[in-house]
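The structure appears right after this line, and notes come after that.
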Amino acid sequence: MRKVSILAIIPLLFAFALTQAQTFEIDPVHSSVGFSIRHIVSNVKGRFTDFSGTVVYDSLKIENSSVNVTIKTASIDTDNEKRDGHLKSPDFFEAEKYPEINFKSTKVVKEGGKHILHGTLNMRGATKQISFPFEILGIAPGQNGARAGFEAELKLNRKDYGVSWNRTLDQGGLLLGEEVKIMLALETVERKKE
Numbered sequence: 006m007r008k009v010s011i012l013a014i015i016p017l018l019f020a021f022a023l024t025q026a027q028t029f030e031i032d033p034v035h036s037s038v039g040f041s042i043r044h045i046v047s048n049v050k051g052r053f054t055d056f057s058g059t060v061v062y063d064s065l066k067i068e069n070s071s072v073n074v075t076i077k078t079a080s081i082d083t084d085n086e087k088r089d090g091h092l093k094s095p096d097f098f099e100a101e102k103y104p105e106i107n108f109k110s111t112k113v114v115k116e117g118g119k120h121i122l123h124g125t126l127n128m129r130g131a132t133k134q135i136s137f138p139f140e141i142l143g144i145a146p147g148q149n150g151a152r153a154g155f156e157a158e159l160k161l162n163r164k165d166y167g168v169s170w171n172r173t174l175d176q177g178g179l180l181l182g183e184e185v186k187i188m189l190a191l192e193t194v195e196r197k198k199e
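Quick note on numbering: my numbering labels position 22 of the sequence shown as 27, and the sequence is numbered without any gaps.
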């Protein structure tokens, strides 16, 4: 009987732990940072393969939560080596001069049933205030600590960050769109307490 009681308490202890702010680290193996941009009549998709960050999540007081993410600019990958080289050049990200893209949240709020993340995005030497909705996919216990999943989509104008290269087509119009769609899928693992 005592054994059953202890087993019954374990989920309760886990639930209690989640009512307090927890710090999670991004698991890059199970996460992705992708993007999509208009190219003439289609969309070119790509991703960044080297990124890290932390999420402080407070389920009771969402305003106590925060997010910090760092992306290595040179890790851009569109499945085309020549294009990736151009994207790393001064025409676009100028990866050698600006090796990192950084996002730091300033506040997290709940508005109309949605979670909204506000923060500063620094890219190519320009820092802008942005905000976007995100979804909490769930939290579950794991062998090495709790895991939490988050997803978000947002749109940026690349010209706001000095990424303005383009080419006029012979038939009129431009080669590339200005708007970039960003897709984030983050699986995070609870940071071990020292």
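Glycine included, C-beta positions come from ideal geometry on N, C-alpha and C.
Boundaries (first-last residue) of the alpha helix (DSSP H) holding residue i
| i | result |
| --- | --- |
| residue 181 | Per DSSP, residue 181 belongs to no alpha helix (DSSP H); it is in the beta strand (DSSP E), 181 to 195. |
| residue 58 | Segment 56 to 62 is the beta strand (DSSP E) holding residue 58; no alpha helix (DSSP H) there. |
| residue 177 | Segment: none, residue 177 is in no alpha helix (DSSP H) and carries neither H nor E. |
| residue 90 | 86 to 93 |
Assigned exposure category for residue i - 16 Cβ within 10 Å defines buried
| i | result |
| --- | --- |
| residue 31 | buried |
| residue 51 | buried |
| residue 122 | buried |
| residue 100 | buried |
| residue 142 | exposed |
| residue 163 | buried |
| residue 86 | exposed |
| residue 134 | exposed |
| residue 176 | exposed |
| residue 27 | buried |
| residue 126 | buried |
| residue 161 | buried |
Straight-line Cα distance separating residue j from residue i
| i | j | result |
| --- | --- | --- |
| residue 128 | residue 61 | 23 Å |
| residue 109 | residue 124 | 5 Å |
| residue 83 | residue 48 | 12 Å |
| residue 208 | residue 157 | Only positions 6 to 199 of the chain appear in the structure, and residue 208 is not among them; the question remains open. |
| residue 132 | residue 103 | 12 Å |
| residue 46 | residue 146 | 45 Å |
| residue 98 | residue 92 | 6 Å |
| residue 186 | residue 41 | 5 Å |
| residue 119 | residue 171 | 36 Å |
| residue 90 | residue 78 | 11 Å |
| residue 75 | residue 37 | 13 Å |
| residue 35 | residue 43 | 27 Å |
| residue 196 | residue 165 | 35 Å |
| residue 159 | residue 136 | 8 Å |
| residue 117 | residue 148 | 35 Å |
| residue 183 | residue 33 | 28 Å |
| residue 63 | residue 173 | 49 Å |
| residue 144 | residue 56 | 21 Å |
Terminal residues of the beta strand (DSSP E) in which residue i lies
| i | result |
| --- | --- |
| residue 77 | 71 to 77 |
| residue 152 | 152 to 162 |
| residue 112 | 105 to 116 |
| residue 144 | 131 to 145 |
| residue 37 | 37 to 44 |
| residue 27 | 27 to 31 |
| residue 49 | 47 to 53 |
| residue 102 | That residue, residue 102, is in no beta strand (DSSP E); it is neither H nor E in DSSP. |
| residue 127 | 119 to 128 |
Counting pairs of beta carbons, one from the stretch 60 to 76 and one from the stretch 110 to 118, are three or more of them closer than 8 Å?
Yes, the stretch 60 to 76 is in contact with the stretch 110 to 118.
Can you find at least 3 beta carbon pairs, one from the stretch 151 to 168 and one from the stretch 188 to 195, that sit closer than 8 Å?
Contact holds: three or more Cβ-Cβ distances are below 8 Å.
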